[in-house]
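Student:
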Amino acid sequence: MKNNKIIDNDVTDEDNSLLKSQWYILQTQSGYEKVVQQDLLKIANSGIGISNLIHEVICPTEKHIKIKADGTKKEIEKKIYIGYIFIKMIMTNQSWFIVRNIPKVTGFLGTIKKEKGSKPIPLTESEINPILLKMGIMSKPNYDHLINKRVQIINGSFVGQVGRVSLVDYEKDKMMVEIELFGRATPIEISFSSFKEIN
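Each residue of the sequence shown is one higher than the last, beginning at 21 in the working numbering.
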């Protein structure tokens, strides 16, 4: 993927290779999340039209045990986000139009105003990764190799600072990094989404 930008004007199939597949939140009528998911998967698996632009569609659920009146237990799946599904797609004018006009879809959540209307805002890694982890679609990253290695902080109060990783805390999804502050090594805590590795 050479270019992460969403192109505003209509793109041809050749241009689609320049675009990045990103996660978006799609709002649906309540109770129709699975129906919309199936409709989108049919399009994605059809091999025609925008099928090459839709890569994943998930309706996050979690398992619960329901106890019936007779005392028997039954495992049921409950939707985590009622009225929402998540779609990983390449956003073009064509894919945006088709997806938002699927029956029972009310639109994309989060839009940014553009000259020619509004466009959906993709989710950041720090927003989608916890959902993918919870669903078992993604495995938890391993940062043990970074102990005593240098990283650069990419957001927050210390953006641009370089420090040495001293601790990785998987329970909090954070790491301790020692940066130089006022001429001495000072430990600070940062999230896993707040750094980049330095080679």
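Ideal Cβ placement from N, Cα and C applies to all residues, glycine included.
Could you name the residues that DSSP lists as bridge partners for Trp222?
Tutor: Any question about residue 222 goes unanswered here, given that the chain covers just 21 to 219.
Student: From this set, Phe178, Asp90 and Ser146, which residue's C-alpha is nearest Glu198's C-alpha?
Tutor: Nearest of Phe178, Asp90 and Ser146 to Glu198, Cα basis: Phe178.
Student: So, helix, strand or coil for Val171, using DSSP?
Tutor: Looking at Val171 - three-state DSSP - the assignment turns out to be strand.
Student: State buried or exposed for Leu39, treating a residue as buried only when at least 16 other CB atoms are found within 10 Å of its CB.
Tutor: Flag for Leu39 reads buried.
Student: Answer with buried or exposed for Gly183, where buried requires no fewer than 16 other C-beta atoms within 10 angstroms of its C-beta.
Tutor: Buried.
Student: Touching or not, the stretch 139-148 and the stretch 67-79, by the rule of three or more beta carbon pairs under 8 Å?
Tutor: No, because fewer than three Cβ pairs between the stretch 139-148 and the stretch 67-79 fall closer than 8 Å, the two stretches do not touch.
Student: Do you know whose CA, among Met158, Ile45, Glu200 and Leu129, lies nearest Arg170's CA?
Tutor: Answer by Cα proximity: Glu200.
Student: Give me the residue from Ile132, Gln49 and Val185 with the minimum Cα distance to Asn121.
Tutor: Comparing Cα positions, the closest option is Gln49.
Student: Do Ile100 and Pro80 have their C-beta atoms within less than 7 Å of each other?
Tutor: Going by C-beta atoms, Ile100 is nearer than 7 Å to Pro80.
Student: Determine the DSSP secondary structure at Phe202, reduced to helix, strand or coil.
Tutor: Phe202 falls in the coil class under three-state DSSP.
Student: Taking the straight line between their C-alpha atoms, what separation do you get for Lys167 and Leu60?
Tutor: Inspection of the sequence shows that residue 167 is occupied by Ile rather than by Lys. Each residue's Cα considered, the two are about 43 Å apart.
Student: Between which residues of its own chain and Asn24 is the CB-CB distance below 7 Å, once the five residues before and five after are set aside?
Tutor: Confidence at Asn24 is low in this model, with a pLDDT of 30, below 50, so its placement is unreliable and the value that follows should be read with caution. Taken in chain order, the residues that qualify are Lys40.
Student: Keeping to the same chain, check which residues put their C-beta closer than 7 Å to that of Val55; ignore five residues upstream and five downstream.
Tutor: Hits under 7 Å: Lys124.
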